[in-house]
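Colleague: Quick one: this structure, given as structure tokens, is what I'll be asking you about.
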Amino acid sequence: MRTPIRVLLIEDNPADARLIEFMLAEAPGLTFEFAWVDNLTAGVERLRARDTDVVLLDLGLPESTGLETLERLFAQNTRVPTLVVLSGLTDEGVAVRALQSGAQDYLVKGQVDSPLLVRAIRYAIGRSSAEEALREAHAELEARVAERTAELAQAVEALHAEINERKRAEEELRGHRDHLEDLVRERTAESIAAKERAEIANQAKSAFLANMSHDLRTPLNGILGFAQILQWDKSLNERQLASINAIHQSGEHLLTLINDILDLAKIEAGRLEIVPVDLELAKFLLVIASIIRVKAEQKPALQFVCECASDLPAAIHADERRLRQVLLNLLDNAVKFTDRGRVVLRVRFKAPSRLRVEIEDTGVGMSEEQLARIFTPFEQVGDAQRRSGGTGLGLAISREFVRLMGGDIRVDSRRGEGSLFSFELDVPVIALAAPPAAPLPRVEPVIAGYRGPTKKVLVIDDVAENRAVVVNMLDQLGFEMSQAASGGEGLEKATAVAPDMILLDIVMPDINGLDVVRHLRQLPQFEAVPIVIVSASATAEVQAQAMAAGADAFIAKPVDMRVLMQRTAALLRLSWTDVAGRPVDRSSRAAA
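So the sequence shown is numbered by our numbering: it starts at 992 and just counts up by one.
Structure representation (structure tokens):
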């Protein structure tokens, strides 16, 4: 990356300009050459000098406001380098349209600090470079194809002109055939090279998305972690608890959006794989129904019904995670667009292996035009109030998941009469029909501690907020907690403290977490100590690397307290207790 990075700010507010300049000056390890103009006309003149790497553009200028500012900038027929939009608007639709219009990122004023601004600039430059490389590769391939096509046309024309002289024609034909073979080999080689360049560009895109996911999950870990901790605080009044719950739900929603975007990128790159497992069907459907029933009960005039055929098999072989995501997406949409009447989850089975799922609602329904667009990524139908809070990726991703599992989603809907979504899958049957499971009890969190001597837990993470989340989660349950802010300090603390369990991050400035695990496993006193990797890099590849290095378990950030407690109980062989010291059974433990 160029040093210094040349930044042009187009902003009519001097105070905001001074704040941006101050944020850039605070950036550690990077140098910025800052220029500021207070109107779009001056900004365009400055861009024509071609001495700018990044443009920070305020959407609210005296000459124009909103997306019109972007349109005017791109209409000037001048080269616009990497573009980051600054706006006081938190409207998600404006942000999406700004990105679709050519911006690399969208930042909301008042929510930007120095690290976020610098990270946005770095990622915007990386994304812009990857897009430019892909465009150049595509243009080069098209030029090559046109050039070689023209050569082939000339060769054919020459053959026709000399056809009357047999011998000469044969010689010409032989020569042109050899030439054609050379051209084919050359074009094949060029196609392979172009494919390799495209793959490099895709790898750059994948690396960018992975880094974006890591950097977004890290602050989310603090938000969701402390929200979960505060949810356990019995001293909070109803208003405070409602606020905490709102924070937690918003964080969970943001995490879902991040995962949707990453899933879509994997689908586009052809890297998403289906991982079938043995699945207890009745229990699986019961959990789905319990989640949706809670959402439906928030609408007094809406009833949720789960109709499962009596001949459903007890267990099937299917991708549990993807099937759950499809059902929750379809059912959540049904509840969102239905205010009164019913939402029905209907599951049927036709021997020997055909599973049919239907989600029917009495909601607003869709027109023919809307039906044609609902599976398009980033498309949302319905009125603006119902569309709020989503990216328009849920249905597109759900259809791709179902197709990867061997089926497809069908939709029947009429405006004002409701909708019916359905799909069928061939699923191997693992066990025959069994009695339906009993409804899951709604149990409040009751775990207060555990039986036996005090267990010592060491947390190693270079981010103080991440350490604080885990420490606060386990400290309230009676664990003796220790902390280390780096891999090196973690190795020293582990030797000094002799913990019963170690939780550590992967990305750290000195020694990364995987090397820490490998080093500990070489020491006799740590051969059997449970080690859990807690990381915001939650891909399957990273999890496999963690297990190969010697970790006993992997927990993705943001940390879910229930998952942390389950892993801790399993690895340390603990029995949870309530506030009175009584044992907490397995169902209560899961609910907590």
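In this text, a Cβ means the ideal position worked out from N, Cα and C, and glycines have one as well.
Here the structure is a predicted model, which means the values were calculated and not measured.
Residue 1022 and residue 994 look like a contact to me (Cβ under 8 Å); what is the Cβ gap, rounded to whole Å?
Modeller: Contact between residue 1022 and residue 994 holds: CB atoms are separated by about 5 Å, below the 8 Å threshold.
Colleague: In angstroms, rounded to a whole number, what distance separates the CA positions of residue 1090 and residue 1015?
Modeller: 23 Å
Colleague: In whole angstroms, what separates the C-alpha of residue 1178 from that of residue 1141?
Modeller: 13 Å
Colleague: Counting Cβ pairs closer than 8 Å, one from the region 1313–1327 and one from the region 1385–1404, do we hit at least three?
Modeller: yes
Colleague: Of all the options 1234, 1527, 997, which has the alpha carbon lying nearest to the alpha carbon of residue 1041?
Modeller: Shortest Cα-Cα distance from residue 1041 to any of 1234, 1527, 997 involves 997.
Colleague: Counting along the chain, where does the beta strand (DSSP E) carrying residue 1075 start and finish?
Modeller: It spans 1073–1078 - the beta strand (DSSP E) in which residue 1075 sits, taken as one unbroken run.
Colleague: Is residue 1311 closer than 8 Å to residue 1275 when the C-beta atoms are compared?
Modeller: yes
Colleague: Considering only their Cβ atoms, is the gap separating residue 1473 from residue 1499 smaller than 8 Å?
Modeller: no
Colleague: Report the rounded CA-to-CA distance for residue 1228 versus residue 1557, giving the unit in angstroms.
Modeller: 28 Å
Colleague: I need the boundaries of the alpha helix (DSSP H) containing residue 1311, first residue and last residue.
Modeller: 1311–1327
Colleague: Report the three-state DSSP secondary structure of residue 1470 (helix, strand or coil).
Modeller: coil
Colleague: Under 8 Å, with one C-beta from each stretch per pair, do the region 1535–1544 and the region 1500–1510 reach the 3-pair mark?
Modeller: yes
Colleague: Quick check on the DSSP output: the alpha helix (DSSP H) that includes residue 1386 runs from which residue to which?
Modeller: Unbroken alpha helix (DSSP H) run through residue 1386: 1385–1395.
Colleague: Which residue wins for smallest C-alpha separation from residue 1344, given the options 1207, 1364, 1398, 1182?
Modeller: Nearest of 1207, 1364, 1398, 1182 to residue 1344, Cα basis: 1398.
Colleague: Measure the CB-CB distance between residue 1045 and residue 1019 and report whether it falls below 8 Å.
Modeller: Taking 8 Å as the Cβ cut-off, residue 1045 and residue 1019 do not qualify as a contacting pair.
Colleague: According to DSSP, which residues form a beta bridge with residue 1334?
Modeller: Note: residue 1334 sits in a beta bridge opposite 1295, 1352.
Colleague: Would you kindly check if the distance between the Cβ of residue 1111 and the Cβ of residue 1087 is under 8 Å?
Modeller: no
Colleague: Is residue 1159 helix, strand or coil when you go by DSSP?
Modeller: helix
Colleague: Note the first and the last residue of the continuous alpha helix (DSSP H) segment covering residue 1538.
Modeller: Element bounds for residue 1538: 1531–1540.
Colleague: Going by other Cβ atoms of all chains shown within 10 Å of its Cβ, with 16 needed for buried, is residue 1338 buried or exposed?
Modeller: buried
Colleague: Over the uninterrupted beta strand (DSSP E) stretch that includes residue 1274, give me the two end residues.
Modeller: It is not in any beta strand (DSSP E) - residue 1274 instead sits in the alpha helix (DSSP H) that spans 1272–1287.
Colleague: Roughly how far, in whole angstroms, is the beta-carbon of residue 1287 from the beta-carbon of residue 1330, given that I think they are within contact range, below 8 Å?
Modeller: In fact, because the Cβ distance is near 11 Å, the residues do not count as touching under 8 Å.
Colleague: Mind reading off the beta-carbon distance from residue 1546 to residue 1554? Whole number of angstroms is fine, and I expect it under 8 Å.
Modeller: 6 Å
Colleague: Scan the region 1496–1566 and note each continuous beta strand (DSSP E) run of 3 residues or more that stays entirely inside, going in chain order.
Modeller: Entirely contained in the region 1496–1566, the beta strand (DSSP E) runs reaching 3 residues are, in chain order, 1522–1526, 1544–1547.
Colleague: Which same chain residues, not among the five before or five after residue 1529, have their C-beta less than 6 Å away from its C-beta?
Modeller: 1547
Colleague: With DSSP collapsed to three states, give me the class of residue 1430.
Modeller: Caution applies to residue 1430, whose pLDDT of 49 falls short of 50 and renders its modelled position unreliable; the value that the coordinates give is listed next. Residue 1430 falls in the coil class under three-state DSSP.
Colleague: On the three-pair Cβ rule with 8 Å, is the region 1144–1158 touching the region 1099–1116?
Modeller: Proximity of the region 1144–1158 to the region 1099–1116 falls short of the contact definition, fewer than three beta-carbon pairs being nearer than 8 Å.
Colleague: Between the region 1214–1233 and the region 1444–1461, can you find at least three pairs of beta-carbon atoms closer than 8 Å?
Modeller: yes
Colleague: Since residue 1352 and residue 1407 should fall inside the 8 Å C-beta cutoff, what is the C-beta to C-beta distance between them, to a whole number of angstroms?
Modeller: With 8 Å as the limit, residue 1352 and residue 1407 do not qualify as a contact, their Cβ atoms being about 12 Å apart.
Colleague: Where residue 1105 and residue 1017 are concerned, what is the direct C-alpha to C-alpha distance, given to the nearest angstrom?
Modeller: 7 Å
Colleague: Count the other CB atoms within 10 Å of the CB of residue 1423; is the residue buried (16 or more) or exposed (fewer)?
Modeller: exposed
Colleague: Would residue 1265 and residue 1420 be called neighbours here (beta carbons separated by less than 8 Å)?
Modeller: If you check the CB distance, residue 1265 and residue 1420 do not come in under 8 Å.
Colleague: Anyone know if the C-beta pair for residue 1341 and residue 1333 falls short of 8 Å?
Modeller: Taking 8 Å as the Cβ cut-off, residue 1341 and residue 1333 do not qualify as a contacting pair.
Colleague: I need the straight-line Cα distance from residue 1569 to residue 1516, nearest angstrom please.
Modeller: 32 Å
Colleague: Alpha carbon to alpha carbon, how far is residue 1298 from residue 1318?
Modeller: 14 Å
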